[in-house]
Amino acid sequence: RTKEKMKNSHAISIVFISIVIIIIITTFGDASTYVSFSEARSMYNIGNRSKIHVVGQLNKNENNEIQGLINSKNKLSFSFDMIDENGKIESVFYGEPMPPDLLLSEQIVVIGSYNEESFIANEILLKCPSKYTENNLKL
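Taking the numbering used here, the leading residue of the sequence shown gets 36, the next gets one more, and so forth.
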């Protein structure tokens with residue numbers, strides 16, 4: 036009986052460890068580093084179709100007006116021009132409604148990949164201005 040209990044506990048331990056390893060591999064396998072639009076295009080050209088993270092900002096003119104923002108007629112998708120950290124401007128298409136805070140965001144991370152002519156975002160992460168900036172703190 037003692038040997039059976041040990042065999043069961045070993046089997047349970049092996050299954051548990053296997054599950055933990057699978058979770059770790061899955062998590063790190065999907066992790067991506069931030070790249071520029073040029074690097075993302077190069078990755079696409081060599082056949083890499085994995086999700087790519089590009090960091091940037093909305094393209095704004097000297098009057099702080101957003102350039103290149105186009106909503107679809109039904110407002111269920113939109114495209115916009117984004118400037119990556121190297122200064123390259125690229126059109127980004129997002130097949131979902133515009134996030135409410137997009138126009139207020141300081142920084143944008145688009146996660147997706149290229150098709151033939153533009154970057155297709157599957158997900159958009161926004162960094163909005165903090166209401167807790169040093170200038171606004173009052174003691």
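Here a beta-carbon is modelled for each residue, glycine too, at the ideal position from N, C-alpha and C.
Counting C-beta pairs closer than 8 Å gives fewer than three between the stretch 106 to 116 and the stretch 76 to 90, which falls short of the contact rule.
In this structure the stretch 89 to 104 does not lie against the stretch 46 to 53, because fewer than three pairs of beta carbons, one per stretch, are closer than 8 Å. Counting other Cβ atoms within 10 Å of its Cβ, A46 stays below 16 and is therefore classed as exposed. Counting along the chain, S77 sits inside the alpha helix (DSSP H) bounded by residues F72 to N80. Beta-bridge partners assigned by DSSP to F128: S114 and I155.
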